[in-house]
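Engineer: The structure that follows is given in the form of structure tokens.
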Amino acid sequence: MMEGSQLQQRFKKRSFTGSRRPILVTTRRRTTQDLSILHEGKDVTPKPLNPEVYSEGKERQISVYEIGERYSEYKISESVSLAITRSQSTVRFKHELDKQHHQSSIQYKGSVPFDASDYYLGIFVIPESHSDIRSTSTIEEEIKPIIMKPMPTTISLILKETPTFFVLDLPSCTAIKDTEEGTQVQEDNALYEHLTVGKGRNRKILNAESQTVPVVMKTRNTSCVKSKTIDGTAFASAWDMYDTFQDVQEESEESETSDESDYELNNNDESPSIDSYKLSADEKQMTKLMKNPRFQEALCVMERLLANNCFNEQQKIFRGLTVPDPFRENIEYNYRLNLLWTFGNNDTVGLAVNAFSWNPKNKDLLAVGYGKFFFHDNLTGLVLIWNIKNPVQPERKYNFAEPVTTLDFSNSNPVLLAVGFYNGSVKVINISNRDVTIIGENIPTFEPVWSIIWQFGRNEKRNEEMVMATFDDGRICAYSVQRKLEMSQLMRVGKADGKLKGYDAMKKCTSLTIPVSRYAAALFMRFHPIDPSIYFVGTNEGTIHRCSLNYLSQHLDLFLAHEGSVHELKFSPFCKRMYATCGDDWHTRIWGEGIAEPILSFAAMQTVQGLDWSPTHSTILVTIRAQFIEVWDLQRKVYEPQSITSLPCNERCTVVQFTESGRCLVVGDVNGHVHVFSFEDMPFEPFFQENLLFDSLSRALITEPQLLSNIKKLRRMARDEE
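For the sequence shown, my numbering begins at 18 and goes up steadily by one.
What follows is the structure in structure tokens.
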């Protein structure tokens with residue numbers, strides 16, 4: 018009875034929609050434990066073959082009561098089919114578990130499979146008519162057994178390389194000192210110390226707000242008219258093409274015939290010989306080959322290689338590859354000049370070297386202008402482009418009808434060369450072509466051009482490099498580079514009257530004659546190295562005018578520098594307010610800006626034709642007179658030069674200039690030679706160039722306290738500018 022009452026309590030009544038009689042299902046979970054196999058005290062019970070499916074089945078134990086609840090919760094149409102699908106999946110799962118344990122199962126068609134000997138034990142009350150249940154519940158699908166696929170014996174694994182993933186990246190906190198990164202790190206560290214430890218920590222900080230106005234933008238549309246095209250056709254027959262090419266062939270034959278007639282040499286002698294001589298085909302081919310530009314370039318390279326065999330050591334000295342040993346035993350300061358080579362050939366003999374200019378881009382190229390030096394000479398002009406790789410022959414040759422007086426390279430466009438002539442014309446040529454290619458030319462004014470320099474303009478032309486020229490009639494003009502050079506006159510230098518400051522010259526006897534010209538000849542033009550709007554103009558009367566580009570037709574200041582013409586003015590590369598001049602009065606003078614009288618004067622017994630400062634030694638100055646080259650050192654002595662060198666050809670010197678490195682000196686003469694010297698036995702370069710210059714001048718002016726005080730003021734001004 019106890020057992021029966023317990024069964025009654027477990028009875029639950031379930032009803033399916035559409036069934037005539039309810040189905041009573043009674044289930045009882047089996048309380049018996051699983052069978053365990055013990056061997057020597059150890060559990061050796063075998064595990065199931067498919068534990069995953071088994072464990073999943075144990076986790077998802079679904080009773081038959083849930084099946085009835087799902088039938089009652091959904092409607093007949095779509096909900097019944099969904100519930101049946103879920104019950105069928107449960108049936109398949111339980112059926113698979115039964116197959117794993119190899120136990121028999123009792124399956125009723127249209128019901129849930131049931132195993133009486135395993136986990137569940139239940140009593141099912143089935144309706145008498147199975148057709149009613151099928152008709153109402155529409156359970157017609159029979160459960161198909163699921164065939165488990167056997168486990169694979171081997172598993173293939175494909176290993177592929179994946180992209181590199183940086184899990185940790187620690188950048189370096191140090192940098193090499195002598196590199197760009199190291200310099201930046203040092204600057205950052207210095208700025209950090211300034212802001213945290215140094216004076217920067219006491220800076221005033223102000224927070225301010227600002228508002229940026231948004232830019233108003235509009236969308237614009239435009240339309241363009243479609244270009245009209247017309248299709249055209251043409252017809253050319255074979256005979257048309259034949260006639261066309263036949264005419265071209267006849268013209269070429271006529272030109273060849275005329276060339277042959279030009280090469281004929283008639284023999285007018287009465288001796289029995291051939292009447293004429295014609296060039297052979299090989300000679301014609303050779304003549305044509307010589308005019309080929311590519312052959313000329315190859316020939317130029319070959320000449321450079323041959324010249325290198327003869328001037329290899331000299332070229333190394335010029336380039337600075339051969340430097341004297343600073344630790345040699347016998348060190349002497351002789352200021353000696355060693356001749357490396359001489360630029361010159363048969364075309365330059367008899368022509369004076371009036372000017373030369375180094376190319377600012379290619380330091381191996383030197384442009385030399387040849388013309389006349391004396392007034393009574395009647396010569397033509399010549400411009401040669403020399404290269405230190407070939408000191409024997411020039412690489413460019415340009416012939417002109419008028420003598421060349423001056424020339425200068427453009428800094429912004431190094432292929433442009435401005436040339437001034439004795440008849441007053443100014444031409445800008447392109448040296449990239451072997452033939453003369455004139456970019457721009459002015460209208461000649463019949464007065465010689467004495468100086469040419471490239472300089473950027475002012476105001477609206479401040480971004481344009483212009484050609485500045487000085488003329489013999491005192492005019493100073495600026496030209497815009499174009500086909501016809503557009504001229505604008507800056508000023509015209511007049512003659513100075515009255516008492517002039519500067520050099521204390523002797524009084525002149527007054528003359529009642531009418532002067533030929535009211536204007537002095539402008540011999541050169543030099544721009545101030547600090548203020549590019551200030552320039553100095555030297556005249557044939559010995560005066561130097563200080564002018565400005567902002568004030569046209571008038572000068573700011575003038576002073577008397579020499580008795581007679583002033584040939585050159587050069588600023589010191591180490592003190593921008595100090596410059597030197599030379600002239601016809603046999604003197605070389607050093608001036609300071611703001612000092613009315615000369616600081617130092619060097620006397621000679623001949624006209625000083627030119628001078629230049631050394632770019633490596635602040636106290637060394639080179640002057641030329643007659644056929645001599647004088648090297649002055651203000652640190653040693655100021656009453657005589659340190660060395661005097663004569664030109665190898667004993668010709669008169671015309672121009673002198675240091676190279677950019679300061680190791681070599683270039684000197685031109687009146688016979689068309691350009692001599693290149695190297696300095697030997699020179700003192701070492703000082704560390705403080707400007708201090709050495711002022712100290713040397715102070716020692717030389719120890720007996721003149723007024724000038725010495727002015728030098729000290731000039732020194733303070735130079736320090737303030739730095």
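Ideal placement from N, C-alpha and C gives every residue a C-beta, glycine not left out.
Any chance the stretch 455-473 sits against the stretch 398-416, with 3 or more Cβ pairs inside 8 Å?
Structural biologist: Too few Cβ pairs lie closer than 8 Å, so no.
Engineer: How about L434 and A384: do their beta carbons lie closer than 8 Å?
Structural biologist: On the sequence shown, position 417 is the one that residue 434 refers to. On the sequence shown, position 367 is the one that residue 384 refers to. Closer than 8 Å, so yes.
Engineer: Here's the rule I'm using: 16 or more other beta-carbon atoms within 10 Å means buried, otherwise exposed. How should T181 be labelled?
Structural biologist: Locating residue 181 in the sequence shown gives position 164, counting from the first residue. Exposed, by the Cβ-count rule.
Engineer: By the DSSP assignment, the alpha helix (DSSP H) with Q626 in it spans what residues?
Structural biologist: Counted from its first residue, the sequence shown places residue 626 at position 609. Q626 -> not in any alpha helix (DSSP H); beta strand (DSSP E) instead, spanning V625 to W630.
Engineer: Based on Cα-Cα distance, which residue from Y596, R311, P65 and R479 lies nearest to H545?
Structural biologist: For the purposes of this step, residue 545 is identified with residue 528 of the sequence shown, where counting begins at 1. The shortest Cα separation from H545 among Y596, R311, P65 and R479 belongs to Y596.
Engineer: How many angstroms separate the CA atom of V484 from the CA atom of N430?
Structural biologist: Here the question's residue 484 lines up with position 467 in the sequence shown. Here the question's residue 430 lines up with position 413 in the sequence shown. Rounded to whole angstroms, V484 to N430 spans 12 Å at the Cα level.
Engineer: Would V639 and F373 qualify as a contact pair, given that the criterion is a beta-carbon distance under 8 Å?
Structural biologist: Counted from its first residue, the sequence shown places residue 639 at position 622. Counted from its first residue, the sequence shown places residue 373 at position 356. No; because the gap between Cβ atoms is not below 8 Å, this pair is not in contact.
Engineer: Comparing C-alpha positions only, which one of I616, S297 and I470 sits nearest to E721?
Structural biologist: Position 704 of the sequence shown, counted from the first residue, corresponds to residue 721. Ranking the options by Cα distance to E721, first place goes to I616.
Engineer: Excluding five sequence neighbours on each side, which residues of the same chain lie with their C-beta closer than 8 Å to the C-beta of R680?
Structural biologist: The residue given as residue 680 occupies position 663 in the sequence shown. The answer, listed in chain order, is I334, F335, G337, T633, S695 and F696.
Engineer: Within the continuous beta strand (DSSP E) that includes C317, where are the two ends?
Structural biologist: What you label residue 317 is simply residue 300 of the sequence shown in a count that begins at 1. Counting along the chain, C317 falls outside any beta strand (DSSP E), though it belongs to the alpha helix (DSSP H) covering P310 to C327.
Engineer: Taking its Cβ as the centre, do 16 or more other Cβ atoms sit within 10 Å of Y209, making it buried, or is it exposed?
Structural biologist: Counting from one through the sequence shown, the residue named residue 209 turns up at place 192. Classification for Y209: exposed.
Engineer: My assumption, with CB atoms under 8 Å, is that L628 sits in contact with Q644. Please give the rounded CB distance.
Structural biologist: Stepping through the sequence shown from its first residue, residue 628 is reached at position 611. Stepping through the sequence shown from its first residue, residue 644 is reached at position 627. Their Cβ separation, rounded to whole angstroms, is 16 Å, which puts L628 and Q644 out of contact at 8 Å.
Engineer: Which class does D686 belong to by DSSP, given the choice of helix, strand or coil?
Structural biologist: By 1-based counting over the sequence shown, the position of residue 686 is 669. In the structure shown, D686 sits in a strand (DSSP, three-state: E or B).
Engineer: Would you report the Cα separation of F553 and F576, rounded to the nearest angstrom?
Structural biologist: Looking up residue 553 in the sequence shown gives position 536. Looking up residue 576 in the sequence shown gives position 559. Their Cα atoms are separated by approximately 11 Å.
Engineer: Just verifying my parser: in three-state terms, what is the DSSP assignment at W763?
Structural biologist: Because the chain in this structure spans residues 18 to 739, residue 763 falls outside the shown range and cannot be described.
Engineer: For M508, count the other beta carbons within 10 Å of its own beta carbon; 16 or more makes it buried, fewer makes it exposed. Which is it?
Structural biologist: Locating residue 508 in the sequence shown gives position 491, where the first residue counts as 1. So M508 ends up on the buried side.
Engineer: Taking the alpha-carbon positions, what's the W256 to Q266 distance?
Structural biologist: Residue numbering aside, residue 256 sits at position 239 when the sequence shown is read from its first letter. Residue numbering aside, residue 266 sits at position 249 when the sequence shown is read from its first letter. Cα to Cα, W256 sits roughly 15 Å from Q266.
Engineer: Measuring alpha carbon to alpha carbon, tell me which of V466, G519 and P703 ends up nearest K444.
Structural biologist: In the sequence shown, counting from the first residue as 1, residue 444 sits at position 427. For K444, the nearest C-alpha among the options comes from V466.
Engineer: Could you give the C-beta distance for V432 and S449, rounded to a whole number, given that I count them as a contact under 8 Å?
Structural biologist: For the purposes of this step, residue 432 is taken as the residue at position 415 of the sequence shown. For the purposes of this step, residue 449 is taken as the residue at position 432 of the sequence shown. About 5 Å; that satisfies the 8 Å criterion.
Engineer: Return the first residue and the last residue of the alpha helix (DSSP H) that G457 is part of.
Structural biologist: Numbered from 1 along the sequence shown, position 440 holds the residue referred to as residue 457. Careful: G457 lies outside any alpha helix (DSSP H), inside the beta strand (DSSP E) at I455 to E458.
Engineer: Under a Cβ-count criterion, where at least 16 other Cβ atoms within 10 Å of its own Cβ denotes burial, should E585 be classed as buried or exposed?
Structural biologist: As a first step, residue 585 must be located in the sequence shown, where it is residue number 568. E585 should be labelled buried.
Engineer: What does DSSP give as the partner residue(s) for K587 in the beta ladder?
Structural biologist: Here residue 587 is taken as the residue at index 570 of the sequence shown, counted from 1. Note: K587 sits in a beta bridge opposite A597.
Engineer: At 3 residues or longer, what runs of the beta strand (DSSP E) sit wholly inside the stretch 503-585?
Structural biologist: Listed in chain order, they are 503-509, 539-544, 551-556, 560-565 and 568-577.
Engineer: What residue does the alpha helix (DSSP H) around L638 start on, and which one ends it?
Structural biologist: Translated into positions along the sequence shown, residue 638 becomes position 621. L638 -> not in any alpha helix (DSSP H); beta strand (DSSP E) instead, spanning I637 to R642.
Engineer: What does a CB cutoff of less than 8 Å around D521 pick up in its chain, not counting 5 residues either side in sequence?
Structural biologist: Reading the sequence shown from its first residue, position 504 is the one you call residue 521. Contacts found: E614.
Engineer: Specify, as a first and last residue, the run of the alpha helix (DSSP H) that Y209 falls within.
Structural biologist: Indexing the sequence shown from 1 puts residue 209 at position 192. Run containing Y209: E197 to T213, per the alpha helix (DSSP H) assignment.
Engineer: Once DSSP output is grouped into helix, strand and coil, what is the label at D452?
Structural biologist: The sequence position of residue 452 within the sequence shown is 435, counting from 1. Coil, per DSSP.
Engineer: Less than 8 Å between the C-beta atoms of L316 and I646, yes or no?
Structural biologist: To locate residue 316, count along the sequence shown from 1; it is residue 299. To locate residue 646, count along the sequence shown from 1; it is residue 629. No, these two residues do not count as a Cβ contact at 8 Å.
Engineer: Within 10 angstroms of its Cβ, does L322 collect 16 or more other Cβ (buried), or is it exposed?
Structural biologist: As a first step, residue 322 must be located in the sequence shown, where it is residue number 305. With fewer than 16 Cβ atoms within 10 Å of its Cβ, L322 is classed as exposed.
Engineer: Is it right to say C241 is buried, meaning 16 or more other beta carbons lie within 10 angstroms of its own, or is it exposed?
Structural biologist: Indexing the sequence shown from 1 puts residue 241 at position 224. Flag for C241 reads exposed.
Engineer: With three or more C-beta pairs closer than 8 Å as the rule, is the stretch 303-313 touching the stretch 664-674?
Structural biologist: Contact between the stretch 664-674 and the stretch 303-313 is absent, because fewer than three Cβ pairs lie under 8 Å.
Engineer: Considering just the uninterrupted stretch of the alpha helix (DSSP H) at D299, what are its terminal residues?
Structural biologist: Taking the sequence shown and counting its residues from 1, one reaches residue 299 at position 282. Segment A298 to M307, the alpha helix (DSSP H) holding D299.
Engineer: Just reading off the alpha helix (DSSP H) that M734 is part of, what are its end residues?
Structural biologist: Looking up residue 734 in the sequence shown gives position 717. That run of the alpha helix (DSSP H) goes P722 to E738.
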